[in-house]
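So the structure is just underneath, and the comments pick up after that.
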Amino acid sequence: MFATKNERTAFMLRKVRTIILMLVLTASGAAMAAWPEDKPIEVVVGFAAGGGTDVMARKLLPFVEKRLGGNARFVVVNKPGAGGEIAFTAIARAAPDAYSMGVVNVPGYNFLPMTRKTQYTMDEIRLVARVVDDPGVIVVRNDSPFTTLASVLDALRKKPGSITFGHNGAGTNGHLAIRMLAKAAGVEPNEISYRGTAAQRTDVLGGHLDIGMVSLSEVPELHGTNKGELRAIAILSKARSPSLPGVPTAEEAGVPVIMTAERGFALPKGAPDDVAKKLQSAIAESLRDPDYIKSSPGDAPVLAFMPGAEWQKRLDAMTKTLQPLAGELTESK
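With positions in the sequence shown counted from 1, the corresponding number in the working numbering is that position plus 10.
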């Protein structure tokens, strides 16, 4: 039995489509094998230059470039605002071509969608690797009358709202720490939102902000001595840090609050598996490089590499733990 003209045409079209698909897949595979080519890889950072997130990315990425080899070249783009949502959205909407990635900040990254309708979802983003787990530190100007966290809380009990606390936006580690401290101590501070830690520092030093909520990596000048233009009065970790051995935990002041900032890298969800694995490996190797550790005195004490898949599981569990706090903040709006 002979095929009709229409059947022969349909057969030829299927054959042509198959050949085209094979060529596309082959070209795609070759492109990924050659990645990164002579084309910059944009890295979106959700906070202003000079803060912990920005410094971490700029210090680490040159070492990652060396591990990737070839023509690898990262370009950091700061997109501050909305507690990191602008940057997280940029990561989610970027083309999954392996030339767009970004830094995610936890808990803000997973907390924001619990309190409002964000322009991104975590399902649109693929975590590559966690780099740091950075405990919160409460700082004041070195000549501040507040020498302990207890003295700050006592002042707030006497006059609610009389002391200003800075943070880097709704849902960030500093913001959540303030709300947790307020609840645990039964006080109400005056919160002021900033676009990054650098701006907080400027206002604390200028006498325009009483309390700065920063991370351990962001005050490397205090490590070891707690002496400088700023002074740490409490750390929000389970135990005292070897970097600030003389600084008590919040729990020692009677408020059992623990809050850290986790930072790491992520890609758009559809990015190729081999690229994600290559990046993860390059990041892990870079974090072990003695030259990197020497060049990053702020981050060195808080390095905490975690593969992307494992980090995602951790975030899923953390999200459940934070649900009650998210509910409280949503109700109070």
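Cβ coordinates follow ideal geometry from the N, Cα and C atoms, glycine included.
{"Query": "Start and end of the beta strand (DSSP E) containing residue 140?", "Result": "135-151"}
{"Query": "Measuring CB to CB, does residue 224 end up less than 8 Å from residue 212?", "Result": "no"}
{"Query": "Just how far apart, CA to CA, sit residue 127 and residue 272?", "Result": "22 Å"}
{"Query": "Suppose you measure from the CA of residue 62 to the CA of residue 182; what does that come to, to the nearest Å?", "Result": "13 Å"}
{"Query": "Can you look up residue 57 in the DSSP assignment and give me helix, strand or coil?", "Result": "coil"}
{"Query": "I need the DSSP call for residue 315, collapsed to helix, strand or coil.", "Result": "strand"}
{"Query": "Straight-line CA distance for residue 143 to residue 171?", "Result": "30 Å"}
{"Query": "What does the alpha-carbon distance come out to for the pair residue 69 and residue 60?", "Result": "11 Å"}
{"Query": "With DSSP collapsed to three states, give me the class of residue 333.", "Result": "helix"}
{"Query": "Would you give the residue range spanned by the alpha helix (DSSP H) that residue 98 belongs to?", "Result": "95-103"}
{"Query": "Where does residue 269 sit, in a helix, a strand or coil, going by DSSP?", "Result": "coil"}
{"Query": "Would you identify the three-state DSSP class for residue 163, choosing helix, strand or coil?", "Result": "helix"}
{"Query": "With a cut-off of 8 Å, do at least 3 Cβ pairs link the region 195-210 to the region 159-173?", "Result": "yes"}
{"Query": "Which two residues bound the contiguous beta strand (DSSP E) that contains residue 240?", "Result": "240-245"}
{"Query": "Expressed to the nearest angstrom, what Euclidean distance is found between the alpha-carbon atoms of residue 253 and residue 234?", "Result": "5 Å"}
{"Query": "When the Cα atoms are used, what is the spatial distance from residue 347 to residue 288?", "Result": "Residue 347 is absent from the structure shown; the chain starts at 11 and stops at 343."}
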